[in-house]
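The next block holds one structure in the form of structure tokens; read it before the comments.
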Amino acid sequence: MISRGHSFVLQGIDAIACEIEADLSSVGLPKVTIVGLPDIAVKESVERVRTAILNSGFRYPNLRLTINLAPADVKKEGPVFDLPIAIALLSADGTIEKITTIDGAARPSLEHYLIAGELALDGRIRPIRGAISLAMLAKTLSSKGIVGVILPQDNAPEAAAVDGIDVIGVTSLGQVVSFLNGNVDLQPHQQVDAEQMIAHTTPQFDFGDIRGQEAAKRAVTIAAAGGHNLLMLGPAGTGKTMMAKALPGVLPPLSREEALEVTRIYSSVGQIAKGQSLVVERPVRSPHHTASSPAIIGGGSTPRPGEVSLAHRGVLFLDEMPEFSRDVLETLRQPLEDGHVTIARAHGSITFPARFMLVAALNPTAKGDMATDEISQRAMDRYLSKISGPLIDRIDIHIEVPAVPYKQLTGQQRGTDTETIRQQVAQARQVQQQRQGVKVNAELSGKQLNTYAALDEQSKVVLGQAMTELKLSARAYDKVRRIARTIADLEGVESVQMPHVLEAVQYRLLDRRL
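Okay, so the sequence shown: first residue is 0 according to numbering that gives the first Met the number 0, each after it adds one.
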């Protein structure tokens, strides 16, 4: 007898439909065979499934069992198939009845749900990775008769963030069998109100707590308003790290679609907390300088998202940037330009989203102080040379963060706070949305800049002199125009003018130094 069920395969952050087929045959000796390119964890599921079925009080078929995971050319990984395999076996054995109505009323059917879950030996169901991707897949298959998902109770809040499907959270194998037999009525998990959750997020750090550094705060405001990458150069203890951590608090809240994107990434690596439904705050990732290239960019034999993808729609903060391996830093070029990362392997390639703001902080020298004489200037040049010119070129704003005078440190006057900056950023983003749609200024192409950031003759002369004297590249030329466009938006000015260009040029600090 053959039984069929539905599950999923997680490839990167995408879910692919997987059909589970179980065949019971009395011909031949009792044996269990799993086919369909399973990995070791899937092959080991045989013993977990057998023990869970017996300990749940059901009969385990002592026959020749063949389990097929289709499509056969896609590698199956992890314990996510434990529950659907067990359900397929119990359905083939007749423990789960193959009827679709009870007293004329429709009842749950195995054909109508995607099923996933890891089984404990006593029949309990443990959480899985990629639950929200599973729910999204179920929604796309609604035209083919799929009405919802059956998955671990711990994953139900996460999957319920996807509207339009029934999310059935379960705790044990016996509960799933009773539900499919119509003996237990399990209500779908309550729909998650993503908009309300996002609206109630509050920033953890306030710019008002940072003494002085008004010039640096101005640069941060511009970076946040236009989505620009930012590099802060200054001695130790000047507030660079605190400003980087406070930056997400002034960015616009995540939209529902962005929150789903971020949640998919975190769910795929199992970083969604128990009972959490959505990631509603913009992520801030701060990897250690000893991190490897696969840890930053993503990779592995089975590609997984790296720090650049975990920072998607948020901030990637590199503290003490020159301390990172040069190979690691060079891997940032593609995501900074394209907004995604492509990991190529022998069996194919996987693309992860990586649209983030890069915020880098570095001391002038390895000692952490500014250059004061010729010797320390040479040391500073050597230290900064660890960062390649092409990478510096891809960072829009370079600013110096000087030491704060003692009088400002001990004073009672608060500087520009988070709420003030947030309002300025929100107004500038609204102007950009009305003018150019979803793209922020940092994403405008050269052709779009010719339209949205057209320069008058006086501005062209000023920018031409800056390019000649600072030896700016064509990429830096576009960076200056994008920053000038953002400065004009912050001031509520429709056209880019010479003062905007002059200020934008000032934010190419390392071009001037190098």
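Ideal Cβ placement from N, Cα and C applies to all residues, glycine included.
Predicted model, so just to flag it, every value in this text is computed and none were measured.
Which residue comes first and which comes last in the beta strand (DSSP E) that contains Leu501? It is not in any beta strand (DSSP E) - Leu501 instead sits in the alpha helix (DSSP H) that spans 497-505.
If we call anything under 8 Å between Cβ atoms a contact, is Ala115 one with Leu150? yes
Length at least 4, wholly inside the stretch 124-206: the alpha helix (DSSP H) runs in chain order: 130-139, 155-158, 172-179, 193-198
Could you tell me the distance, in whole angstroms, from the CA atom of Arg47 to the CA atom of Thr262? 29 Å
Closest Cα partner of Leu335 within the set Arg325, Phe80, Ala40, Ile391: Ile391
Using only the alpha-carbon positions, how far apart do Ser171 and Ile124 sit? 5 Å
From the DSSP output, read off the bridge partner residues of Arg255. Beta-bridge pairing links Arg255 to no other residue.
DSSP three-state call for Ile101: helix, strand or coil? Bear in mind that the predicted position of Ile101 carries a pLDDT of just 48, short of 50, making it unreliable; the figure below should be weighed with that in mind. Here Ile101 sits in strand by DSSP.
Within the continuous beta strand (DSSP E) that includes Gly436, where are the two ends? Looking at the DSSP string, Gly436 is not in any beta strand (DSSP E), and its letter there is neither H nor E.
Taking the Cβ atom as the reference point for each residue, do Ile221 and Ile482 lie within a distance shorter than 8 Å? yes
DSSP three-state assignment for Leu335, whether helix, strand or coil: helix
Can you grab the Cα-Cα spacing for the pair Met379 / Val73, in whole Å? 52 Å
Among Cys17, Leu501, Val439, Arg507, which has the Cα closest to the Cα of Val461? Leu501
Limits of the alpha helix (DSSP H) - the one that Met0 falls within: Here Met0 belongs to no alpha helix (DSSP H), and DSSP marks it neither H nor E.
Sufficient close CB pairs (3 or more, under 8 Å) joining the stretch 274-286 to the stretch 249-256: yes
Where the alpha helix (DSSP H) through Ile84 begins and ends: 81-92
Report the rounded CA-to-CA distance for Ala453 versus Pro126, giving the unit in angstroms. 54 Å
Is it buried or exposed, Leu246, if we count other Cβ atoms within 10 angstroms and call 16 or more buried? buried
If you reduce the DSSP assignment to three classes, tell me which class Gly388 lands in. helix
Just to check my reading of the structure: Gly233 and Val400 have Cβ atoms closer than 8 Å, yes? What is that Cβ distance to the nearest angstrom? 3 Å
Give the single residue among Ala272, Thr350, Ile197, Ala503 whose Cα lies nearest to the Cα of Gln152. Ala272
Inter-residue spacing [alpha-carbon to alpha-carbon] between Val430 and Ile95: 59 Å
Assign Gly35 to one of two classes, buried (16 or more other C-beta atoms within 10 Å of its C-beta) or exposed (fewer than that). buried
Leaving out five residues before and five after Glu493 in sequence, what residues of the same chain have Cβ atoms less than 8 Å from its Cβ? Ala487
Here's the rule I'm using: 16 or more other beta-carbon atoms within 10 Å means buried, otherwise exposed. How should Ile12 be labelled? buried
Spatial distance of Glu322 from Gly236 (CA atoms): 17 Å
Which residues DSSP lists as bridging Thr517, in chain order: Within the shown structure, residues of the chain are numbered from 0 to 513, placing residue 517 beyond reach of any answer.
How many Å lie between His311 and Gly463 at the Cα? 35 Å
Go ahead and pull the three-state DSSP assignment for Ala69. strand
How close, in whole Å, do the beta carbons of Ala427 and Thr485 come, if the pair is a contact with beta carbons under 8 Å? 7 Å
Using C-beta distances below 6 Å, list every residue in its chain close to Ala91, excluding the 5 sequence neighbours before and after it, in chain order. Met0, Ser2, Ala21, Leu23
By DSSP, does Leu513 sit in helix, in strand, or in coil? Legend: pLDDT at Leu513 = 49, less than 50; position of this residue unreliable, value from coordinates given subsequently. If DSSP states are grouped into helix, strand and coil, Leu513 belongs with coil.
Cα-Cα separation, Ile101 to Leu109: The pLDDT assigned to Ile101 is 48, lower than 50, so where the model puts this residue is not dependable; a value taken from the coordinates is nonetheless given after this. So the two alpha carbons sit approximately 15 Å from each other.
Are the beta-carbon atoms of Ile295 and Thr330 separated by less than 8 Å? yes
CB Leu230 to CB Ile394, shorter than 8 Å? yes
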